[in-house]
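Since the structure comes first, as structure tokens, the remarks are kept for the end.
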Amino acid sequence: MLKTTSYLRLLSLITVCVLGIAGLSGCNNSERDEDLETLTAREVSLAYHIFDDAFREVHRFAMRDSLINDTGIDQWFNSCIERATVSDTAAIFPLYLEINYGGKDNLCDDGFERFGILEASFSGKYLNKGTVVEITFDEYYKDDFNVKGTSRITNLGLNSNGYMTYLWEVEGGRITSTNTDYTWEGVHRKYWVAGRSNNSQGEVDDDVFLIKGIATGRNTRGNTFVNEITEAYTSDLSCQWFTSGRSGISVPNLEYRTLNYGESADCDNKLIERRNNTYFHLEIPY
């Protein structure tokens, strides 16, 4: 009888352990599955944030410098910049801009950390049709993320709606950090839809750009992706994040999913990923 009782207790203990391990495994699988579901969305949205931010930093400087731009208006500029220099004191193009953010732990006015160097070459005056601005990165970091690649902005002039239009191309883009290493390239159009009038050029933070186009790359897990904007992303310079817009993501062996930055123009790092009728609430890391 004693042996039977001991056997039953042992069997009960084994059953509890097995169920516990199965439950733990289920949680781990669930977390892993959700990470697999959302990884590309998080990395794609981070890439847009980082490369658009580099454009903004150069745009702010270009709009305040009389050599690069005709306005010569004194603009707000990040106090975290240790040194910003233009290659010549005369408007002889090409001109080269270097924005040096110094070393690590360099908190900027907008609450983000930047360090390293942004370099930009200008083939002509910033607001002139045909001018090409090429941005490169020298040991540059946005928060914890190292950035590589070339971001090229070509001024296409005014479109039929009177909006200044830029061709925005990113080549060789790569973003790395702890447990993060992925590539991102894109071909887009930027439409300057607000803040360009002569009366408001002194307030760069009221500038608003709409972005349309397509991006491709390979995520940290090694999976390729294609991300096409279906409703223009809104890049409002008064907010560090896109405030609206939608896109679709295609990843081999995964179902098509959409990204939505929202409709309310809230300034935050949140977006929603949708796969069929399943929704994932995401935050862009920084």
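Numbering (this note's numbering), first residue to last: 1 to 286. The beta-carbon is built from N, C-alpha and C at its ideal position, and this holds for glycine as well. For clarity, every value in this text was computed on a predicted model and none was experimentally measured.
Whether residue i touches residue j by CB criterion (9 Å)
i	j	result
Ala265	Thr230	no
Val44	Gly217	yes
Asn227	Ala215	yes
Arg189	Asp207	no
Thr131	Glu119	no
Phe122	Tyr101	no
Backbone secondary structure at residue i - three-state DSSP
i	result
Tyr48	helix
Phe122	strand
Thr220	coil
Phe112	coil
Glu82	coil
Asn269	coil
Ala215	strand
Leu39	helix
Val204	helix
Glu263	coil
Arg274	strand
Ala62	helix
Best match in the options for proximity to residue i [C-alpha to C-alpha]
i	options	result
Ala232	Ser238, Val226, Leu210	Leu210
Thr180	Phe51, Tyr286, Met63, Glu57	Tyr286
Asn277	Asn128, Ala84, Glu255, Thr165	Glu255
Arg60	Ala47, Ile81, Asn159	Ile81
Tyr327	Gly111, Lys104, Asp207	For residue 327 there is no data in the structure shown, the boundaries of the chain being 1 and 286.
Met164	Val170, Leu156, Leu118	Leu156
Glu57	Ser79, Gly162, Phe145	Ser79
Ile68	Asp138, Leu127, Asn106, Cys108	Leu127
Residue i, buried or exposed, once every other Cβ within 10 Å from all chains shown has been counted against 16
i	result
His281	exposed
Leu13	Residue confidence is low: Leu13 scores 43 on pLDDT, short of 50, so the model does not pin down where it sits. No coordinate-derived value is stated.
Glu185	buried
Asp110	exposed
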